[in-house]
Amino acid sequence: MRFELVSRFMPTGDQPEAIEKLTNNILGKKPFQVLLGVTGSGKTFTISNVIQNLNIPTLVMTHNKTLAGQLYQEFRDFFPKNAVSYFVSYYDYYQPEAYIPTTDTYIAKETEINEEIDKLRLAATTNILTRPDTIVVASVSAIYNLGSPKEYGKFAMEIAQGVKLSREALMDRLLDLQYSRNDYAFKRSTFRARGETIEVYLGYEDKLIRITLNDNSIAKIESVDPLNGNIIEDRKWTMIYPAKHYITDRSSYEDVFEQIRRDLAARVKELKDMGKLMEAERLSKRTEYDIKMIKQIGYVNGIENYSRYFDGRAPGQPPFTLLDYFEETGRPWLLIIDESHMTIPQIRGMFQGDLSRKKLLVEYGFRLPSAFDNRPLTFDEFISRVKQTIFLSATPNEWEIKKSNNNVVEQLIRPTGVVDPEIEIKPTEGQVEDLIKEIEKTTKKKERVLVITLTKRMAEDLTYYLEDHGIKVQYLHSEIDTLQRQDILDELREGKYDVVVGINLLREGLDLPEVSLVAIMDADREGFLRSKTSLIQIMGRAARRIESKVILYADGITGSMKGAMEEVDRRRKRQLEYNKKHGITPRSIEKEIRAKLVQKKETIEDLKPLLAKEVLLPDEKEKVIKRLRRDMMDAAKLLDFETAALLRDKIKYLRQH
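Take 15 as the starting number for the sequence shown in the numbering used here and just add one per residue.
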């Protein structure tokens, strides 16, 4: 099936040229290129057109779950007839296994898996292996160990009408696929047997497969709606894929256990030779226990630390990841790295962070050295696996441009005709008084202001000073929890506040159409928060209204300031020329404020009065926990993972007190 883009919009501005260039570069086998697209220029729409033109499977990677969720929804809207999937970490809560030598504290791995995301992950890999019209939107989870796609595909079970198969043999195969039998609490990744009828609740779809047997052969296969029991369709045949990504082949157990024990003996000897007798004893007991559990039930907490043995990988060999699923199909595929100036550094850092934690576990006898091989890809391994890549950013880094051999496709024209803001430099002397005048001018037009400071203390002090002058203002920094942070931004848009003061308000995805003035205090202080990239990103927050501007309060011009101003000025000139040539009248962006999933703005602190024994009885506490869990799952279903994380923390607090 071909990709079919559905949209009421046609490419405009420099979108048609960008679409053509990107498409031709891929067809011309250019491995890397950059789409430099300004905020609000419709980069996702451009990429969607490229995907339709190329008609090849596509992986879109970005640096956090929230952005991945937004992109997933956008691509799903553009391609309603195709397979658009979502692949991020399925943990609502994740505490990795760790050891702290200074306090002799071992922390066991603790997780809470989100069933809905687990389903979406399984759907993603199933779609990759079975459908050429697949788009997967992923976080950096895409570079983590996932198990062999060959093993995953090998375990898939094909069933067809008329095939000889006994009831017992069918159930055994389902167990091999990690489906568990549950005749009463029927849910995802389980099956139930009623006489000659076996129903399988698929792990990767909201569907049941009902298999009716007759005389040890398959008589009927039906796809069933799990909610109402209605038959969706009769099938002649179907495939059932595993309920988990990590599948172990029982026939290989003895060989695997022999390898583990051989490595265990060598490591125990090594520890004893170093005089680490306690560590050697600990490692021996833990490993033998793990082997026993895997032999008995096919699983143990931490089984992923033995993945190298089950995958047949040599020590140090890279793990299998989502990228290998694309490679397994043998089809060409496209990689889009969204917000690449943020995503690339994140990919670079994953391996080292994982390694430092594992070193202590291995050193102190909690894990075999094979734990090192349950890891994310190194950056070099990642880059060596990708064939055709588009880096997507308003501010691409030097590495991306160099890797693309300066093959940069620009998209600077916004469909609304809005141009980049004017930039004005003012001295720091009297900057606060001048800022107040500028705020008053802006608020008279019923528009909003962002003020950027260097420190939390400065943000708070400036906020209190502006408040004393009758300005509706609030500060925003990392000590304010995620949900409250979003509330403040929504209240800025609604008009409860006219000004928000913050430190780093350049967060990708921050869309505030009402803001027409961005004021940057101490703009001439070189550093991360005042780099060329950061300044351009901050300035972009004002590029939503027709009369917007940026004020830089500075006593000199740094290299970063000069670079940022030259780039914004270049873009602005190009945009003005385009508008003049085509007779375009710019119009400010209007955007509806989304309804919040959780209206009550309570924090963990707000819950404390409920926790006093005289107020909340044990059964009442359980009711509160159940309600919060339901809200948490609802939030995760809507891909609102920031809310889900807040609710998770509330549940944890309740359980601990």
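A virtual CB, placed ideally from N, CA and C, is assigned to each residue, including glycine.
Inset, instruction - Check each candidate in Ser354, Phe59, Val487 and name the one with the smallest Cα separation from Lys417. - result: In the sequence shown, counting from the first residue as 1, residue 417 sits at position 403. The shortest C-alpha separation from Lys417 is found at Ser354.
Inset, instruction - Give the DSSP bridge partners of Gly51, in chain order. - result: Here the question's residue 51 lines up with position 37 in the sequence shown. Note: Gly51 sits in a beta bridge opposite Gln425.
Legend entry - Residues near Met171 in its chain [Cβ-Cβ closer than 6 angstroms; skip 5 each side]: Indexing the sequence shown from 1 puts residue 171 at position 157. Residues of the same chain with a CB within less than 6 angstroms of the CB of Met171, apart from the 5 flanking positions on each side, are Arg187, Ile254 in chain order.
Inset, instruction - Determine the closest residue to Met526 out of Ser153, Leu506, Asp536, Leu160, with distance taken between C-alpha atoms. - result: Residue 526 sits at position 512 when you count from the first residue of the sequence shown. At residue 526 the sequence reads Leu, which differs from the Met that was named. The residue with the shortest Cα to Cα distance from Leu526 is Leu506.
Inset, instruction - Please state whether DSSP places Val102 in a helix, a strand or coil. - result: For the purposes of this step, residue 102 is identified with residue 88 of the sequence shown, where counting begins at 1. In this structure, Val102 counts as coil in the three-state DSSP scheme.
Legend entry - For Met535, three-class secondary structure by DSSP: Indexing the sequence shown from 1 puts residue 535 at position 521. DSSP places Met535 in coil when its eight states are reduced to three.
Inset, instruction - In the DSSP assignment, find the unbroken beta strand (DSSP E) run with Ile61 in it and report its ends. - result: Looking up residue 61 in the sequence shown gives position 47. It is not in any beta strand (DSSP E) - Ile61 instead sits in the alpha helix (DSSP H) that spans 57-68.
Inset, instruction - Note down, in chain order, each residue of its chain lying with its Cβ closer than 7 angstroms to the Cβ of Leu191, except the 5 sequence neighbours on either side. - result: In the sequence shown, the residue the question calls residue 191 occupies position 177. Excluding five sequence positions before and after Leu191, the CB atoms of its chain that fall closer than 7 angstroms to its own CB belong to Phe169, Met171, Ile254, Pro256, Ala257, given in chain order.
Legend entry - Where the beta strand (DSSP E) containing Asp352 begins and where it ends: Working through the sequence shown from its first residue, we reach residue 352 at position 338. Per DSSP, the continuous beta strand (DSSP E) segment holding Asp352 begins and ends at 348-352.
Legend entry - Burial state of Tyr218, where buried means 16 or more other Cβ atoms lie within 10 Å: As a first step, residue 218 must be located in the sequence shown, where it is residue number 204. With 16 or more Cβ atoms within 10 Å of its Cβ, Tyr218 is classed as buried.
Legend entry - Inter-residue Cα distance where the pair is Val74 and Val564: Position 60 of the sequence shown, counted from the start, is the residue given in the question as residue 74. Position 550 of the sequence shown, counted from the start, is the residue given in the question as residue 564. Going by the C-alpha atoms only, they are around 32 angstroms apart.
Legend entry - Three-state secondary structure assigned by DSSP to Leu382: Counted from its first residue, the sequence shown places residue 382 at position 368. Under the three-state reduction of DSSP output, Leu382 falls in the coil class, being neither helix nor strand.
Legend entry - Rounded distance between the beta-carbons of Leu391 and Ile351, thought under 8 angstroms: The sequence position of residue 351 within the sequence shown is 337, counting from 1. The sequence position of residue 391 within the sequence shown is 377, counting from 1. With a beta-carbon spacing of about 14 angstroms, Ile351 and Leu391 fall beyond the 8 angstroms limit used to define contacts.
Legend entry - 8 angstroms CB neighbourhood of Arg461 in its chain, flanking five on each side removed: To locate residue 461, count along the sequence shown from 1; it is residue 447. The displayed chain sequence assigns Glu, not Arg, to residue 461. The residues are Glu528, Val529, Ser530, Leu531, Arg559.
Legend entry - The beta strand (DSSP E) enclosing Gln488, as first and last residue numbers: Taking the first residue of the sequence shown as position 1, residue 488 is located at position 474. Counting along the chain, the unbroken beta strand (DSSP E) around Gln488 starts and ends at 487-490.
Inset, instruction - For Asp263, count neighbouring C-beta atoms within 10 Å of its own C-beta (all shown protein chains included) and say buried if the count is 16 or more, exposed if not. - result: Translated into positions along the sequence shown, residue 263 becomes position 249. It counts as exposed.
Inset, instruction - For Met15, name the three-state secondary structure that DSSP assigns. - result: Within the sequence shown, the letter at position 1 stands for residue 15. Three-state DSSP puts Met15 in coil, outside helix and strand.
Legend entry - C-beta atoms of Thr680 and Ala32 nearer than 7 angstroms: Nothing can be reported for residue 680, as the shown portion of the chain is limited to 15 through 671.
Legend entry - Contact check, Leu160 vs His259, beta carbons under 7 angstroms: Here residue 160 refers to the residue found at position 146 of the sequence shown. Here residue 259 refers to the residue found at position 245 of the sequence shown. For the 7 angstroms CB-CB criterion, Leu160 and His259 form a contact.
Legend entry - Counted within 10 angstroms of its Cβ, other Cβ atoms place Ile150 as buried (16 or more) or exposed: Position 136 of the sequence shown, counting from 1, holds the residue named residue 150. Per the sequence presented here, residue 150 reads as Val, with Ile not at that position. Counting Cβ neighbours within 10 Å, Val150 comes out buried, since at least 16 surround it.
Legend entry - Rounded straight-line distance, which links the Cα of Gly431 to that of Leu566: Residue 566 sits at position 552 when you count from the first residue of the sequence shown. Residue 431 sits at position 417 when you count from the first residue of the sequence shown. Near 24 angstroms, if we compare the C-alpha coordinates of Gly431 and Leu566.
Inset, instruction - Could you tell me whether the region 172-184 touches the region 36-52, where touching means 3 or more Cβ pairs closer than 8 angstroms? - result: The region 172-184 makes no contact with the region 36-52; the number of CB pairs closer than 8 angstroms stays below 3.
Legend entry - Separation of Ala152 from Ile131, as counted between CA atoms: Here residue 131 corresponds to residue number 117 of the sequence shown, with the count starting at 1. Here residue 152 corresponds to residue number 138 of the sequence shown, with the count starting at 1. If I take the Cα positions, the gap works out to 12 angstroms.
Legend entry - Asp569 versus Ile274, Ile534, Tyr592, Asp583, residue with shortest Cα-Cα distance: Position 555 of the sequence shown, counted from the first residue, corresponds to residue 569. Of Ile274, Ile534, Tyr592, Asp583, the smallest CA-CA separation from Asp569 is found for Ile534.
Inset, instruction - Check the C-beta distance from Leu468 over to Leu549 and give it rounded, since I have them as a contact under 8 angstroms. - result: Here residue 468 corresponds to residue number 454 of the sequence shown, with the count starting at 1. Here residue 549 corresponds to residue number 535 of the sequence shown, with the count starting at 1. The beta-carbon distance between Leu468 and Leu549, rounded to whole angstroms, is 13 angstroms. This is too long to meet the 8 angstroms contact definition.
Legend entry - Inter-stretch contact at 8 angstroms, needing at least 3 Cβ pairs: the region 321-329 / the region 266-273: Result yes; three or more Cβ-Cβ pairs closer than 8 angstroms.
Legend entry - Outcome for Trp4 when other beta-carbon atoms lying within 10 angstroms are tallied against a minimum of 16: Nothing about residue 4 can be read from this structure; the chain reaches only from 15 to 671.
Legend entry - Leu303, buried or exposed, once every other Cβ within 10 Å from all chains shown has been counted against 16: Taking the first residue of the sequence shown as position 1, residue 303 is located at position 289. The sequence given here has Tyr at residue 303, not Leu. With a 10 Å radius around the Cβ and a threshold of 16 neighbouring Cβ atoms, Tyr303 comes out exposed.
Inset, instruction - Since I believe Leu382 is in contact with Leu278 (beta carbons under 8 angstroms), could you give me their beta-carbon distance rounded to a whole number of angstroms? - result: Mapped onto the sequence shown, residue 278 falls at position 264. Mapped onto the sequence shown, residue 382 falls at position 368. Rounded, the Cβ-Cβ distance is 6 angstroms, consistent with contact.
Inset, instruction - Would you mind working out which of Gly27, Phe23, Glu18, Ser21 sits nearest Lys595, comparing C-alpha positions? - result: Taking the sequence shown and counting its residues from 1, one reaches residue 595 at position 581. The closest CA to that of Lys595, considering only Gly27, Phe23, Glu18, Ser21, is found on Gly27.
Legend entry - Contact check, Thr252 vs Ile274, beta carbons under 7 angstroms: Position 238 of the sequence shown, counted from the first residue, corresponds to residue 252. Position 260 of the sequence shown, counted from the first residue, corresponds to residue 274. Taking 7 angstroms as the Cβ cut-off, Thr252 and Ile274 do not qualify as a contacting pair.
Inset, instruction - Can you give me the start and stop residues for the alpha helix (DSSP H) that Asp387 sits inside? - result: In the sequence shown, counting from the first residue as 1, residue 387 sits at position 373. Unbroken run through Asp387: none, as it is neither H nor E.
Legend entry - alpha helix (DSSP H) segment containing Gly344, residue limits: Within the sequence shown, the letter at position 330 stands for residue 344. Careful: Gly344 lies outside any alpha helix (DSSP H) and carries neither H nor E.
Inset, instruction - Go ahead and pull the three-state DSSP assignment for Phe396. - result: Counted from its first residue, the sequence shown places residue 396 at position 382. DSSP places Phe396 in the helix class (H, G or I) of the three-state scheme.
Legend entry - Where the beta strand (DSSP E) containing Ala257 begins and where it ends: Stepping through the sequence shown from its first residue, residue 257 is reached at position 243. Careful: Ala257 lies outside any beta strand (DSSP E) and carries neither H nor E.
Inset, instruction - Go to Tyr198, then tell me how far its beta strand (DSSP E) extends in each direction, as first and last residue. - result: For the purposes of this step, residue 198 is taken as residue 184 along the sequence shown, with counting starting at 1. According to the DSSP assignment, Tyr198 belongs to no beta strand (DSSP E), since it is labelled neither H nor E.
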